[in-house]
Structures are given as C-alpha cells and as structure tokens.
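So the sequence lines, in the order shown, correspond to chains A and B.
Letter 10 of the first sequence, counting from 1, is numbered 10 in UniProt numbering, and no numbers are missing.
Letter 82 of the second sequence, counting from 1, is numbered 82 in UniProt numbering, and no numbers are missing.
Using N, Cα and C, we set each Cβ at its ideal position, and we do this for glycine too.
Quantities reported herein were computed from a predicted structural model and do not represent experimental measurements.
Structure record follows, encoded as structure tokens.
2 protein chains.
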Amino acid sequence: MNFNSLNGFTRPLARLIDQFERLPGIGPRTAQRLALHLLRQPEEQIRSLIDALQAAYSQVGQCQCCFHLSADVLCEICSNNDRHNGLLCIVADSRDLLALERTREYKGSYHVLGGLISPMDGIGPELLQIQSLIDRIKKDNVTETILALTPTIEGDTTSLYLARLLKPFTQVSRIAYGLPVGSELEYTDEVTLTRALEGRRKI
Amino acid sequence: MNFNSLNGFTRPLARLIDQFERLPGIGPRTAQRLALHLLRQPEEQIRSLIDALQAAYSQVGQCQCCFHLSADVLCEICSNNDRHNGLLCIVADSRDLLALERTREYKGSYHVLGGLISPMDGIGPELLQIQSLIDRIKKDNVTETILALTPTIEGDTTSLYLARLLKPFTQVSRIAYGLPVGSELEYTDEVTLTRALEGRRKI
Numbered sequence: 001m002n003f004n005s006l007n008g009f010t011r012p013l014a015r016l017i018d019q020f021e022r023l024p025g026i027g028p029r030t031a032q033r034l035a036l037h038l039l040r041q042p043e044e045q046i047r048s049l050i051d052a053l054q055a056a057y058s059q060v061g062q063c064q065c066c067f068h069l070s071a072d073v074l075c076e077i078c079s080n081n082d083r084h085n086g087l088l089c090i091v092a093d094s095r096d097l098l099a100l101e102r103t104r105e106y107k108g109s110y111h112v113l114g115g116l117i118s119p120m121d122g123i124g125p126e127l128l129q130i131q132s133l134i135d136r137i138k139k140d141n142v143t144e145t146i147l148a149l150t151p152t153i154e155g156d157t158t159s160l161y162l163a164r165l166l167k168p169f170t171q172v173s174r175i176a177y178g179l180p181v182g183s184e185l186e187y188t189d190e191v192t193l194t195r196a197l198e199g200r201r202k203i
Numbered sequence: 001m002n003f004n005s006l007n008g009f010t011r012p013l014a015r016l017i018d019q020f021e022r023l024p025g026i027g028p029r030t031a032q033r034l035a036l037h038l039l040r041q042p043e044e045q046i047r048s049l050i051d052a053l054q055a056a057y058s059q060v061g062q063c064q065c066c067f068h069l070s071a072d073v074l075c076e077i078c079s080n081n082d083r084h085n086g087l088l089c090i091v092a093d094s095r096d097l098l099a100l101e102r103t104r105e106y107k108g109s110y111h112v113l114g115g116l117i118s119p120m121d122g123i124g125p126e127l128l129q130i131q132s133l134i135d136r137i138k139k140d141n142v143t144e145t146i147l148a149l150t151p152t153i154e155g156d157t158t159s160l161y162l163a164r165l166l167k168p169f170t171q172v173s174r175i176a177y178g179l180p181v182g183s184e185l186e187y188t189d190e191v192t193l194t195r196a197l198e199g200r201r202k203i
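Structure below.
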C-alpha cells in the first residue's frame, strides 16, 4: 500500500488513513493526524461525522432550475422570488456560485453549467447545462446574463460560445478581469496586465 | 451556525462541512472543498470512507503490553520477538512512537505513557501508564530504557520522574537534544543552543 501502512499502524487505522489520503489536499501526515485525532474523540463525534457523510451523499442532488447543489427540488436561491430579478449569472460549478454568494453583492439568480467547454478533455457544449440555460432564458424574463467564468482558455472558449448563443435573447456581459485588489502591479503577470489594459474604464 | 451555513449551502451539505471543520487543521475553506469533492465521487468511495471510520473506531484499541494503538491484544511490535532485545523506548503517545518507527533505526520495543506529567492540567503520574511500565521492566529482561519525550517542561518533568523511578531496575538514557540536521546555528533559539552545548560530545 502506501507510506503509512508500512510504519507500525494496525490495519484498520492504516485503512482509515489511506481513505483520508484520497481527499484533495490531504497528504500522508495530515491523513495520519486526522485519523489519530478521530480515534481519540468520543463515539458521538465519529457517529455525527458518519451520519453527516451519509445524509449529504443521499440527500444532496441538483436544483432542477439552476443545477446548483440542493437537497430540495429547487435550491434556496431559485426558491427565493426576490432573486428572479432579470439578472442571471452563469458559473462553471457550485464552488464558483458559492464564491460569488460570499460577496453578498449579487442579488440575481444563477445557472450552473457543470463544467467548461474543453475539446482536449472531450467536453463539448452538449455535456454542459446549456440547452436548459437557453430554455430558461426563453421562458424566464432575463434581461442580462453575466458570464462569470475563469479567465482560462476553457473559460474564454465557453464565454465566447455562450455570448454568441445567448445574444439573440438577452444582453450578455462578463465579469471584469484585471488586477486583484491589493496586488502589486510590479508582480502581476503579463496576461493579467494585458487584460487589465484591455478592460480599462473611463474615470 | 458557522461561516459556511450562511452562504447558500443546502442543510445536509452545511452539516457535513461543519463536521469536517471540527477536525484539527481543517479551516472553513478546506472543509468546504472536502465536502464538495466527496459529493462528486462515486458512491463506493463514500462507502469506503464510512466503513473505514466505523472499522477503525470499533476495532482499534490499545496493545495490552505497550499501550500503542492496536487492533489485536498485542501490537505488531510487541508480537515480534526480535524486538524484545532488552531495549525499551518510552514515548508520550502513539504519534511519537510512529515518528520513531519511521526512522527504521530503532529495533527495540516501546512503552506508550499516554501523556506527560503536567500538574497544571491535573495530570499526575497515576494517570499515565507508569505502574504497567515498572511491572514490565521488572518482568521483562530490559537492559536499557530510553526516554524519548519532548524537550518541554512537561517532558523534562516526566523524564526526571521516570529516571529516578527506573534507575533501580535498568540503565536509563534519554534521546539527544540539540540542533536539528540542516538547521542554521544563527537562527537556532537560545534554549536549543544551550541544550546543544550541554550535550556536546568528544569527537
């Protein structure tokens, strides 16, 4: 097996460590620390963790409207009528949606594509929630669609594709690319600087 | 509740994130990343993690001889006759034992105290595996006891206490304190330097 199973761990403990190591960003040492920590906790805590894992996995699906993670047919945002204000923000996945929600600035609704167009990985538009997006824009009263996709090749390809597709139905904009707040111009990479110059605004 | 439950998470997901956040070294962002990652995995992986948690918690206890974590009555080290070679290394907990095992240099057996003497925290010698240690030293053929406790007030107190207690039965030594390999003398703290000077050896 791996690093941990060689070094004096009893088998069930090695197995737990191995499971933790499969998680993103958890290395052998952290996996070991987590496993040893859990063994020292009262049984209720292990039980709560197991219950939470089971509940999350069995109950959480996708919102039938925006495809955000949801335990109900409609997510909290889609169930909130105040958020259907004509603004629709398009994101690649739920993590991006949550990042935008943390700003507490955006009050419209979302649509989660489930990824980005990436011919290299065999991901074409048909694998993303694009048909549902068009249906939604036609049906709902969407005045502006905001593309909030990462400024990478895949993000830009998807933005261009969607912009062309959606323009007959709605105004399309994309979030600004430029210098992050607090960054130093001197240490900013050329591509970001180019984007910042292109995106310059009159003051 | 916490940071995560406020920001558009469906309840079962917020609960799972909350459980991850209780683990040591896992902040809100990491907890969120872990939970979202797990939801995207095939069911077998969640199942394996849950099984591993249950098995580790229900099966792992303490070795009846050295008090290291073990799923059996005796741990792998204590069941290995080659390791009963007269050397006994005393450690505070299983993590320290595992760190020593990783060196692959030590071939003797261990005794896990289960903590360090700490009057401030109300931990006296009677709460540690000290009586079992004395019984073991009297019974087994221990020629040298090596104290491998951290160089802190609690570690030093425990070392001094044990040294006095064990000297009638066995030779007692402690691991060396000094400069870690690869460190810079210039940046080493005064206490470590003092220990390194005290521990100087003829070459």
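query	result
With a cut-off of 8 Å, do at least 3 Cβ pairs link the region 25-33 of chain A to the region 181-201 of chain A?	no
Pull out every residue of the region 115-138 of chain B whose Cβ sits closer than 7 Å to any Cβ of chain A, in chain order.	none
Which residues, in order along the region 165-190 of chain A, keep a beta-carbon less than 9 Å from a beta-carbon of chain B?	none
Just confirm the distance between the C-beta atoms of B:L113 and B:A99, as a whole number of angstroms; I'd bet it's less than 8 Å.	Contact flag wrong, Cβ pair sits at about 15 Å.
Given 8 Å as the limit, is there contact between the region 172-181 of chain A and the region 138-155 of chain A, that is, 3 or more CB pairs closer than that?	yes
Exposed or buried, which one is A:T158 when buried takes at least 16 other CB atoms within 10 Å?	buried
Give the list of continuous alpha helix (DSSP H) stretches no shorter than 4 residues that lie fully inside the region 100-182 of chain B.	131-139, 153-166
Considering only DSSP beta bridges, list what A:C89 is partnered with.	A:Y110, A:I146
Take B:Y106 and list the residues in its own chain whose beta-carbon comes closer than 7 Å to its own, dropping the five residues that flank it on each side.	C89, L100
Assign A:Q62 to one of three DSSP states: helix, strand, or coil.	strand
Under the three-state reduction of DSSP, which class applies to A:L193: helix, strand or coil?	helix
How far does the alpha helix (DSSP H) with A:T30 in it extend, from its first residue to its last?	28-39
Run through DSSP, which three-state label would B:M1 get?	Here the model assigns B:M1 a pLDDT of 39, short of 50, so the residue's position is not dependable, and the following value carries that caveat. Coil at B:M1, not helix or strand.
Could you give the distance in angstroms between the alpha-carbon of B:P119 and the alpha-carbon of B:R95?	22 Å
Just verifying my parser: in three-state terms, what is the DSSP assignment at B:L69?	strand
Measuring alpha carbon to alpha carbon, tell me which residue in B:G115, B:G86, B:A14, B:N85 is nearest A:R40.	B:G115
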